[in-house]
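When we follow the UniProt record's numbering, the leftmost residue of the sequence shown carries the number 1, and every step to the right adds one.
Note that the Cβ used here is the ideal one computed from N, Cα and C, for glycine as well.
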Amino acid sequence: MLNIAIDGPAGAGKSTVAKLLAKQLNIIYLDTGAMYRAIALKAIEQGVDVSDTDALSVLLEDTDIDISYVDEQQHVLLDGRDVTDIIRTPQISDGASKVAAIPAVRLKLVELQRRIARMHDVVMDGRDIGTFVLPNADVKFYLTASIEERAKRRLEEMRAKGYEHSLDDVKDDIRARDKNDSEREFAPLRKADDAILIDSTDKTVDEVVEEMLPFIRIASIKGKT
Ligand code: CDP
Ligand code: CDP
Numbered sequence: 001m002l003n004i005a006i007d008g009p010a011g012a013g014k015s016t017v018a019k020l021l022a023k024q025l026n027i028i029y030l031d032t033g034a035m036y037r038a039i040a041l042k043a044i045e046q047g048v049d050v051s052d053t054d055a056l057s058v059l060l061e062d063t064d065i066d067i068s069y070v071d072e073q074q075h076v077l078l079d080g081r082d083v084t085d086i087i088r089t090p091q092i093s094d095g096a097s098k099v100a101a102i103p104a105v106r107l108k109l110v111e112l113q114r115r116i117a118r119m120h121d122v123v124m125d126g127r128d129i130g131t132f133v134l135p136n137a138d139v140k141f142y143l144t145a146s147i148e149e150r151a152k153r154r155l156e157e158m159r160a161k162g163y164e165h166s167l168d169d170v171k172d173d174i175r176a177r178d179k180n181d182s183e184r185e186f187a188p189l190r191k192a193d194d195a196i197l198i199d200s201t202d203k204t205v206d207e208v209v210e211e212m213l214p215f216i217r218i219a220s221i222k223g224k225t
């Protein structure tokens, strides 16, 4: 199986680039962040504190997360309900970052992520894919960009969806999540030693994809020999 890992902070372009790569390589794309978002949604809907380890552990016992693909688009199923579209709010982003610090949450989701990688050629993006989920991935990328640029990208996306936010608010949100994600004890966000570092601050999406493709070609040739 060809396993490609892409990690990095919020707004670095991971999901945009991963989707394009998956399309070009004709393999699946797995957005692991969507799984953490789905857990956060359930906690918020049920009035459970997203930082309460014990309450979340109980909630998890009764929670089913699954992934399906419709027209090559990933859908996230929370207890059988398609929540793909409603997990993209700033409130859920913040909640996801909090539930993601709880080891029991991570272990449950990582099991599903590894199972998918064993069965399919996949481009997987997240925070701990190269360091923890798939330490033996065929190729690993760490994609980053300046905080200013990442906040601008997020703001544009929100505007396109009709939401108005200030650049400072978006920047604060991203900064807080970067901090949570990189300072947590269990599987924090960090570059794997063997990951290829790409700074996308001054690059277009296509330029990033072009930079990645040669590494993937080499890795897939190696994998076949
Ligand atoms: O997944 P991640 O949070 O890392 O980022 P994303 O959801 O892919 O969002 C990145 C946004 O920046 C998208 O709207 C892209 O079109 C845009 N962008 C990019 O991803 N990469 C660049 N090199 C330039 C812009
Ligand atoms: O697209 P964006 O970068 O805004 O966020 P995301 O990839 O959907 O992830 C939402 C949150 O889930 C992140 O801030 C992390 O706290 C968490 N996450 C994680 O801890 N590990 C992953 N493999 C993926 C996401």
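Hey, how far is the Cα of residue 101 from the Cα of residue 132?
Each residue's alpha carbon lies about 14 angstroms from the other.
Should residue 124 go down as buried or exposed, given a rule of 16 or more other Cβ atoms within 10 Å for buried?
buried
Out of curiosity, what's the CA-to-CA distance linking residue 51 and residue 161?
29 angstroms
Is residue 212 helix, strand or coil when you go by DSSP?
helix
Skipping 5 residues on each side, what residues in its chain have a beta carbon closer than 7 angstroms to that of residue 96?
Correct list, in chain order: 33, 36, 37 and 40.
Consult DSSP for residue 131 and reduce its assignment to one of helix, strand or coil.
Of the three classes helix, strand and coil, the one that applies to residue 131 here is helix, per DSSP.
Measure the beta-carbon distance from residue 203 to residue 5 and round it to whole angstroms, keeping in mind my assumption that it falls under 8 angstroms.
Contact doesn't hold; Cβ gap of about 20 angstroms is too wide.
My guess is that residue 93 and residue 173 are in contact by the Cβ rule of under 8 angstroms, so how many angstroms apart are they, rounded?
7 angstroms
DSSP on residue 227, reduced to helix/strand/coil?
Look at the range of the chain in this structure, 1 to 225, and you will see that residue 227 is not part of it.
Quick check on residue 201: buried or exposed, where buried means 16 or more other Cβ atoms within 10 Å of its Cβ?
exposed
If residue 56 and residue 43 are in contact, beta carbons under 8 angstroms, what's the gap, nearest whole angstrom?
6 angstroms
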